[in-house]
Amino acid sequence: MKPPAFDYAVPCTVPEAVELLAAADGAAQVLAGGQSLVLDLRLHRARPTLLVDINRIPGLDRLDPDGRTLRVGALVRHRTFESERAVPGPLGALLAGAAAHIAHPPIRTRGTMAGSFAWAHPASEWCAVGAALDADLELSGPRGTRTVGARDYFRGPHLTARRPDELLTAVTFPLLGDDTGVGFIEHRRTHFCFAQVAVAAALTVRDGVVADARIGLANCADRPLRARAAERSLLGTAARELDTEARELGSAARERADGHPFARAGRIAAEQDAAPVPEPYADVEYRRHAIAVLVARTLHRAARDLDRRLRISPDGDRA
Ligand SMILES: Cc1cc2nc3c(=O)[nH]c(=O)nc-3n(C[C@H](O)[C@H](O)[C@H](O)COP(=O)(O)OP(=O)(O)OC[C@H]3O[C@@H](n4cnc5c(N)ncnc54)[C@H](O)[C@@H]3O)c2cc1C
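If you use our numbering, the sequence shown corresponds to residues 746 to 1064, in order.
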C-alpha cells in the first residue's frame, strides 16, 4: 500500500525540529532510521501530515562516554553497538549482546537506538536494557529539556511519557564497573520474529555478596519492565552460592527444581514481576515458564561473565 500523503521537513537544529513538531499539534512524526515508521506508513498504522526528518541535525550521532555515563545521541544506529569495544566495560558487552538480536544487518545499519525507545515496542531489546539500568531519556520540547527515567517512561505498548511536541534527543546509561557481570538472552520463534521473551541482566558482587542486581524484561508485559522483586531476592546472596559452573543449556529442569538463587529469582520474575499477555504461539502459562527459565539462565551467564572479568587483570593478562 502507498502511504497517505504527508509534508516533509528537514530541520538542521534541535530547536527547529521542536518548533515543527509543536506547530503540527500532534500530527507530525519524527523520521529517524525509518525502519518502523516507514512500515507503519505503508500499512496506514501511522497517518502523520508531516514527517520531521532529523537525519541532517549535526551532533545527534554522537556517542559520549564521560567516565560515569554513556550518552547515546538520537541518531546513533543499532549497529554501532555490535562490537563490545564500542563502549567501555561491561556495558559494552551488554549492549553488544542485545544488538545481536535486533532484526538483521540492514535494519541495524539504519535503525537508531533512540528510535527504539521512541517506538517503545514491548519486545524491544534496547528497552529491556534501558529498563534494567534505568536509563535516562532526554526529551527536548518547546518548554525546554527534561529527563525521564526509564521507570517512568514506559506507559504501555508504544506508549511513553514523551509528548508529541518533544524530540527524544539522547538516551543515557550508567557505565558499569568491572565488579559487574552481564548477560543477555532471547528466545524467538524464528530468526525474523520479535522476541517471545528477552532478558538483560547485570550482577554486581562486592565484599563477597551480591550488592546489586538488575534484570530487564522484554515482551513479558505490555511494556518493557524491570524485575524488581526478583532483583531483591538476590541482594546479599553470598557469591559462593552462585554456581558459575552450572551449564546454561540443558539445565532448565534442574534450574527449576533446585533451590539455586537464580532459579528462585526466575520463578519470582515470572510470578510477581511479569504480566505476560497471551500470543498466538505462546499462552500465558508457556510464557511464564519461559520467563522463569530465561531469567535463571541469563543470571548464570552474568555470573560467569563476572567470574571471567575478575580473573582478568586490567592490562588483559590472566591474574
Ligand atoms: C523486519 C523488521 C524486524 C525488526 N526486528 C526488530 C527486533 O527484533 N527488535 C527491535 O527492537 N526492533 C526491531 N525492528 C524495529 C527496528 O529496530 C527500528 O529501527 C526501531 O524500532 C526504530 O528505530 P528507527 O530509528 O528506525 O525509528 P523510525 O522508524 O524512524 O521511528 C519509529 C517511531 O519512533 C519515532 N521516533 C524515532 N526517533 C525519534 C526521536 N528521536 N524522537 C521522537 N520520536 C522518534 C518516530 O516518529 C516513529 O513514531 C524491526 C523492524 C523491521 C522492519
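For each residue, glycine too, the CB sits at the ideal point set by N, CA and C.
| Does the distance from the CB of ALA773 to the CB of VAL755 come in under 7 Å? | no
| Within the region 881-968, ranges of the alpha helix (DSSP H) (whole runs, at least 4 residues) | 895-898
| task | Take the Cβ of PRO749 as the centre, count every other Cβ of all protein chains shown within 10 Å, and call the residue buried at 16 or more, exposed below. | result | exposed
| query | Going by beta carbon distance, what residues of the same chain come within less than 8 Å of ALA974, once the five residues before and after it are set aside? | reply | ILE1013, ALA1014, GLN1017, ASP1018
| query | Who does ARG971 pair with in a DSSP beta bridge? | reply | GLY961
| task | Consider the C-beta atom of THR857 and the heavy atoms of ligand 1; say whether any pair is separated by less than 6 Å. | result | yes
| said: Excluding the 5 residues flanking SER861 on each side, which residues of the same chain have their C-beta closer than 7 Å to its C-beta? | reply: SER869, TRP871, CYS872
| request: May I ask which residues mark the beginning and end of the alpha helix (DSSP H) holding GLY875? | output: 870-878
| request: Just mark GLU986 as buried or exposed, buried being the case when its beta carbon has 16 or more other beta carbons within 10 Å. | output: exposed
| ARG1053 versus ILE1036 - alpha carbon distance | 26 Å
| query | Hey, which unbroken runs of the beta strand (DSSP E) at 3 residues or more fall wholly within the region 993-1049? | reply | none
| message | Given the structure, does ALA777 come close to ligand 1, in the sense that its CB is under 6 Å from one of the ligand's heavy atoms? | response | yes
| task | Would you tell me roughly how many angstroms separate the C-alpha atoms of HIS903 and ASP910, rounded to the nearest one? | result | 16 Å
| task | Using a threshold of 7 Å, state whether the C-beta atoms of LEU878 and PRO919 are closer than that. | result | yes
| task | Compare the C-alpha of VAL1022 against each of ALA966, HIS936, ALA831 and name the closest. | result | ALA966
| Which one of GLY834, GLY804, LEU836, LEU1051 has the shortest CA to CA distance from THR949? | LEU1051
| For VAL797, which of helix, strand or coil comes out of DSSP? | strand
| So the beta strand (DSSP E) PRO810 belongs to, where does it begin and stop? | 808-810
| request: Could you check if ARG1042 is buried or exposed, using at least 16 other CB atoms within 10 Å of its CB as the buried criterion? | output: buried
| message | Please list the terminal residues of the continuous alpha helix (DSSP H) segment that includes ALA838. | response | 834-844
| task | Rank GLU829, ALA972, GLY953 by C-alpha distance to the C-alpha of ALA983 and give the top, closest one. | result | GLY953
| contact_flag[the region 807-818, the region 919-930] where n(CB pairs < 8 Å) is 3 or more | yes
| Are ALA1048 and GLY926 close, meaning C-beta to C-beta below 7 Å? | yes
| request: Give a single yes or no on whether GLN780 has its beta carbon closer than 6 Å to a heavy atom of ligand 1. | output: yes
| task | Sort GLN780, PRO760, TYR1026, ALA769 by Cα distance to GLY889 and report the nearest one. | result | PRO760
| Chain-order list of residues whose beta-carbon lies under 6 Å from that of TYR753 (same chain, five-residue window excluded) | LEU796
| ASP806: which of ARG977, ARG907, THR825 sits nearest, CA to CA? | THR825
| field | Closest by C-alpha distance to PRO887, when choosing among ARG908, ARG951, VAL893, ALA819 | value | ARG908
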